[in-house]
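So the protein sequences, as listed, match chains A and B.
Convert by adding 4 to the 1-based position in the first sequence; the result is the number in the numbering used here.
Convert by adding 4 to the 1-based position in the second sequence; the result is the number in the numbering used here.
Every residue gets a Cβ at the ideal spot worked out from N, C-alpha and C, and that includes glycine.
Report on one structure; see the data block that follows.
Protein chains: 2
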Amino acid sequence: MKREKISELTTNRLSVYLRCLNELASAGIKTVSSQELAEQFNLNSAQIRKDLGYFGEFGVRGIGYFVDDLREHLTKILGLDRPHRVGIVGAGRLGTALANYHGFSKSTFTVVALFDNDKEKIGGHIGPSRIPILDVKKIEKVVRDQTIDVAVIAVPARAAQRVLNQIMAAGVKAVLNFAPALLKARLGVKVKTVDLTTSLESLSYFLARPQETQVVSARRSGSARKRVETRTSRQL
Amino acid sequence: MKREKISELTTNRLSVYLRCLNELASAGIKTVSSQELAEQFNLNSAQIRKDLGYFGEFGVRGIGYFVDDLREHLTKILGLDRPHRVGIVGAGRLGTALANYHGFSKSTFTVVALFDNDKEKIGGHIGPSRIPILDVKKIEKVVRDQTIDVAVIAVPARAAQRVLNQIMAAGVKAVLNFAPALLKARLGVKVKTVDLTTSLESLSYFLARPQETQVVSARRSGSARKRVETRTSRQL
DNA sequence: CTCTGTGAAGTCATTCACAGCG
DNA sequence: CGCTGTGAATGACTTCACAGAG
């Protein structure tokens, strides 16, 4: 077990592996090899072994990985063995949709409050679990009282940095940002931005290309043998 | 002007640059240097020049870039000078939220239809522009009639691959996927997956670490001079 | 003199390839 | 044997550093 800095690409993949393992487990499958896993998401098997190798030696040579065992390890590594309490700032369409989104409220993540500055909305409740909409001014107090450790920013771009500053002041260390804005966070605070506009515009670029003649490129003629693990598109 | 394969990281950044240029333009600013742009999003200025350099020589030495000029170029490069028509599959919470989301419906992207398989929902309309909810079975016909060129998948994971297949059969080449699933697309079809679960779990990993002592590492003592362009977190 | 455009160098990520365990 | 774990090789992306245009 090393102690290197783990890239976010790796942690993203760990999350995906875990999801797959959960499916395997409920299908009653007991063991899985890195090769089998790799085929699920078109990925190289060495990638998976490397990713896991950062955290320990979980496999058995000649066999592969025990599904339940690896599942537990990944759950622990990702910190999903402890519950997380989520606050969503912005009770607009996106914020309220996210509050209800299963997979967001799922399992270890519980949305405990929404915040807004609109007097009309404050005092209201969202969804079947009646998540309260609170005044964004009270965010610092609520974060502490409710032990919120993850914040979601779902406000317009121009308000995003201000909101982030409030969130950071309240001591939250992990933020998922949906505002199309470049936020400056201080060291020790992790901001992940999901920028829908950029995603769409990037797709638009792809559409604008003259079909980008897919370069199948035979490479150095001799060794093009095992070009089987086709990776059409790197989704991970 | 070269003709290399452009990485998605580059196209994502181009989108961000464009957004920034639009802001600069409406602030009445006429020219901007790569250095100034780089400071906005903590990024290296050479990165910006490289990104732009793939597509032409847009700058003026000693000056920088003319905002309006560069804006037009990027708009064209990203294919945002032509309108895109978007179909959203899945009229659940997320799908309907996205249909209303400004920035999604904004400017060149118009959501023209939602699709669902729920008889209760089919025939209904969403939002002020009354976007119709149609039977997902009719997707192929509607895509052609309405010339939809971008699809959004907002259905549960287990249905996602099936929906993607239908979408591809209808001839759509660009897909934004919100289902937490590894989709297999055929060559020539671009799928971008936004996986909220993975984003959250990745944040959870970060929280689980013992504060990951931020390695400020003085590096090879001598040449640590210009370590000013702090890149706390690579958000792009 | 300033700022672009770009090879060269550097850093980070993925894939290969194989020793060695079970 | 089959499959893991991992150095070494390759490839991708970023940053440096500087020639040269304005």
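Asked	Found
Alpha-carbon spacing of G131 (chain A) relative to L98 (chain B), whole angstroms	14 angstroms
Rounded distance between the beta-carbons of D72 (chain B) and T79 (chain B), thought under 8 angstroms	At roughly 11 angstroms, the Cβ-Cβ gap does not stay under 8 angstroms, so T79 (chain B) and D72 (chain B) are not in contact.
Selected residue, minimal CA-CA separation from V195 (chain A), among B:L240, B:I52 and B:T114	B:L240
A212 (chain A) and G107 (chain B) closer than 9 angstroms at C-beta	no
Those residues which DSSP pairs with G91 (chain A) across a bridge	A:A117 and A:A155
Heavy atom of the ligand ATP within 8 angstroms of V167 (chain B) beta-carbon	Of the ligands one can find in the structure shown there are none, so the ligand ATP has no counterpart to examine.
When B:K9, B:H88, B:C24 and B:A31 are compared against Y58 (chain B), the one with the closest alpha-carbon	B:K9
Contact set between L207 (chain A) and chain B, taken where Cβ atoms lie within less than 7 angstroms	V154, A178, L180, K194 and K196
Same chain only: Cβ atoms within 8 angstroms of L22 (chain A), ignoring 5 sequence neighbours per side	R75, L78, T79, L82 and L84
Contact list for L98 (chain B) against chain A, beta-carbon separation under 7 angstroms	A101 and Y105
Beta-carbon gap between A155 (chain A) and V179 (chain A) smaller than 9 angstroms	yes
Contact with chain B by K34 (chain A), beta-carbon distance below 9 angstroms	no
Assigned secondary structure, K323 (chain B) (DSSP; H/G/I helix, E/B strand, else coil)	Since the first residue shown for chain B is 5 and the last is 240, residue 323 (chain B) is missing from the structure and cannot be characterised.
Beta carbon of V250 (chain A) nearer than 9 angstroms to that of F119 (chain A)	Given a span of 5 to 240 for chain A in the structure shown, any question on residue 250 (chain A) remains unanswerable.
H88 (chain A): contacting residues in chain B (beta-carbon distance under 9 angstroms)	L204, L207, S208 and L211
Three-state secondary structure assigned by DSSP to L168 (chain B)	helix
Helix, strand or coil at H106 (chain B) according to DSSP, with G and I counted as helix	coil
For T151 (chain A) and Q39 (chain B), the rounded distance between their alpha carbons	41 angstroms
Straight-line gap, I157 (chain A) to L102 (chain A) (C-alpha atoms, nearest Å)	11 angstroms
Chain-ordered chain B contacts of N16 (chain A) [CB-CB under 7 angstroms]	T202 and S206
Whole-angstrom distance between K123 (chain B) and A163 (chain B), CA atom to CA atom	17 angstroms
Beta-carbon neighbours of F119 (chain B), restricted to chain A and to distances below 7 angstroms	Within chain A, no residue comes near F119 (chain B); the closest Cβ sits about 18 angstroms away, beyond 7 angstroms.
For Q51 (chain B) and V36 (chain B), the rounded distance between their alpha carbons	15 angstroms
DSSP bridge partner residues for N181 (chain B) (one or two, in chain order)	B:I157 and B:T197
Neighbouring residues, chain B, relative to G83 (chain A) (Cβ below 7 angstroms)	S208, Y209, L211 and A212
Contact set for K125 (chain A): own chain, Cβ-Cβ below 7 angstroms, skip 5 residues either direction	A95 and I137
Any chain A beta carbon closer than 9 angstroms to F113 (chain B)	yes
Span separating the alpha-carbon of G68 (chain B) from that of L28 (chain A)	55 angstroms
Cross-chain neighbours of E43 (chain A) in chain B, by beta carbon under 8 angstroms	Chain B residues near E43 (chain A): none, gap ~10 angstroms exceeds 8 angstroms.
9 angstroms Cβ cutoff, L74 (chain B) in contact with chain A	no
Inter-residue Cα distance where the pair is T217 (chain B) and K177 (chain A)	No answer about T217 (chain B) holds up, because its pLDDT of 45 lies below 50 and its placement is not dependable.
Residue closest to I143 (chain B), alpha-carbon to alpha-carbon, out of B:I33, B:S111, B:T14 and B:A117	B:A117
Neighbourhood of T197 (chain A) by C-beta distance below 6 angstroms, restricted to the same chain and skipping five residues each side	N181
DSSP three-state assignment for G63 (chain B), whether helix, strand or coil	coil
Buried or exposed by the 16-neighbour rule on C-beta atoms within 10 Å, applied to V148 (chain B)	Residue identity check: residue 148 (chain B) is Arg in the sequence provided, not Val. Answer is exposed; the Cβ neighbour count stays below 16.
Chain A contact for N184 (chain B) (CB, 9 angstroms cutoff)	With the sequence shown as reference, residue 184 (chain B) is identified as Pro, and Asn is not the correct amino acid for it. So, interface residue.
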